[in-house]
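A.B. asks:
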Amino acid sequence: MTLYDLKGRDLVCLTEYTGEEIRRIIEAGLDFKRRYYSGERSIPVLSGKSIAMIFEKPSTRTRVSFEVAAWELGAKALYLGWRDLQLGRGETIEDTGRVLSRYVDGIVARVKEHEKLERLASAADVPVINALSDLSHPCQALADYMTLLELKGRLEGLTLAFVGDGSDNVLHSLLVAGAKLGVNIRVASPRELRPDSRILEHALSAAKKTGARIEIVEDPFEAVKDADAIYTDVWVSMGQEEMREEKVRLLRKYQVNTELMSHAKPDAVFMHCLPAHRGEEVTDEVIDGPRSAVWVEAENRLHVQKAILALLLS
Ligand code: CP
Ligand code: NVA
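Position in the sequence shown (from 1) plus 1 gives the number in the numbering used here.
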């Protein structure tokens with residue numbers, strides 16, 4: 002595998018990456034997947050390296066896929082719960098980053114507030130990788146576009162309809178990466194839940210260069226019309242529990258169900274980053290149905306995580 006020059010870079014937000022760099026990571030992910038299925042699980046390009054993984058919120062997919070990816074690349078990943086670190090007692094994120102940089106070759110971090118990642122990245126001397134923040138989830142979006150490329154054979158010109166919470170962190174990363182990859186994105190969300198304005202501006206300006214269309218509408222049926230992929234995420238993200246009642250009220254008509262899916266292209270796939278709140282943003286019939294791509298997406302987290310680690314840390 003030829004490694005594009007991403008060595009030493011942080012991955013805090015995809016706004017810092019070009020379309021070419023994003024494509025490079027996705028293609029490396031597909032390459033790791035092909036090698037995995039031809040029996041090459043262990044590819045020790047990170048032999049002898051260590052990775053610190055700080056988690057301020059729970060995780061199943063991100064934690065396990067990063068740990069297994071590191072292991073299969075020959076590196077050691079250390080899971081560090083926020084409250085088990087001195088961070089939980091008030092040590093600053095900057096001091097933590099400086100100290101960890103003396104021990105490890107990279108830091109993966111899932112945080113509540115995005116600015117903590119920015120502070121960590123500026124203090125640390127090793128690459129910092131965003132494992133989800135309140136603003137974005139770049140590793141998820143990379144796995145999602147890898148999945149679309151794998152299933153549809155192309156990305157440019159596809160239409161992805163996101164139905165639900167327009168202020169969702171996963172959607173923000175899908176918008177930025179999609180615009181740069183030439184994927185048209187239609188967001189159907191209530192007026193009260195629109196994407197972050199800086200993210201939207203960045204996506205709109207990137208879309209001008211690639212010709213991707215970014216549209217924000219209110220009607221879910223309008224958004225899914227002729228779409229190639231229908232994407233949704235939970236209505237109540239981690240840390241938003243006190244907003245549950247209000248968000249459920251606003252999002253009630255944004256459920257992805259069989260009727261909504263019938264307005265997309267007949268071969269449209271259903272996508273969700275997981276965990277799903279079944280019966281809320283999606284019905285069992287759709288998520289367990291023949292057009293659901295959610296298990297491929299979840300699996301692809303592993304392959305794309307390998308690509309990210311190999312490209313940034315090797
Ligand atoms: N999709 C995702 O990031 O899942 P986890 O919260 O389980 O890591
Ligand atoms: N929007 C969700 C994504 C979980 C992977 C959350 O932040 O909880």
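The beta carbon of each residue, even a glycine, is placed where N, CA and C say it ideally should be.
Given the structure is predicted, the values throughout are model-derived calculations rather than measurements.
How many whole angstroms separate the CB atoms of residue 130 and residue 12, which I take to be in contact at a CB cut-off of 8 angstroms?
C.D. replies: 5 angstroms
A.B. asks: DSSP on residue 230, reduced to helix/strand/coil?
C.D. replies: strand
A.B. asks: Counting only the same chain and skipping the five closest in sequence on each side, list residues whose C-beta sits under 7 angstroms from that of residue 2.
C.D. replies: Reliability of the predicted coordinates at residue 2 is poor, the pLDDT of 44 falling under 50, and no value is obtained from them.
A.B. asks: Smallest Cα separation from residue 215: which of 314, 173 and 9?
C.D. replies: 173
A.B. asks: Looking at the secondary structure, which residues open and close the alpha helix (DSSP H) in which residue 36 lies?
C.D. replies: 20-38
A.B. asks: Terminal residues of the continuous alpha helix (DSSP H) containing residue 78?
C.D. replies: Careful: residue 78 lies outside any alpha helix (DSSP H), inside the beta strand (DSSP E) at 77-82.
A.B. asks: Residues bridged to residue 56 by DSSP?
C.D. replies: 82 and 111
A.B. asks: Please state the DSSP three-state secondary structure of residue 203.
C.D. replies: helix
A.B. asks: Run the CB neighbour count on residue 49, radius 10 Å, all protein chains shown included, and call it buried at 16 or more, exposed below.
C.D. replies: exposed
A.B. asks: Mapping the DSSP letters down to three states, classify residue 275 as helix, strand or coil.
C.D. replies: coil
A.B. asks: Quick test of the definition: if touching needs 3 or more C-beta pairs under 8 angstroms, does the segment 260-271 touch the segment 234-244?
C.D. replies: no
A.B. asks: Where does residue 192 sit, in a helix, a strand or coil, going by DSSP?
C.D. replies: coil
A.B. asks: Compare the C-alpha of residue 43 against each of 251, 125 and 69 and name the closest.
C.D. replies: 69
A.B. asks: Taking only the alpha-carbon atoms, compute the straight-line gap between residue 155 and residue 211 and give it to the nearest angstrom.
C.D. replies: 14 angstroms
A.B. asks: List the whole-angstrom C-beta distance separating residue 255 from residue 165, where the pair is believed to meet the contact cut-off of C-beta under 8 angstroms.
C.D. replies: 5 angstroms
A.B. asks: What does a CB cutoff of less than 7 angstroms around residue 170 pick up in its chain, not counting 5 residues either side in sequence?
C.D. replies: 133, 134, 135, 136, 137, 138 and 238
A.B. asks: Using CA atoms only, rank isn't needed, just tell me which of 263, 293 and 229 is closest to residue 273.
C.D. replies: 293
A.B. asks: Does the segment 88-97 come into contact with the segment 109-126, if we say contact requires no fewer than three beta-carbon pairs (one atom in each stretch) closer than 8 angstroms?
C.D. replies: Because the criterion of three Cβ pairs below 8 angstroms is met, the segment 88-97 and the segment 109-126 touch.
A.B. asks: Can you look up residue 301 in the DSSP assignment and give me helix, strand or coil?
C.D. replies: helix
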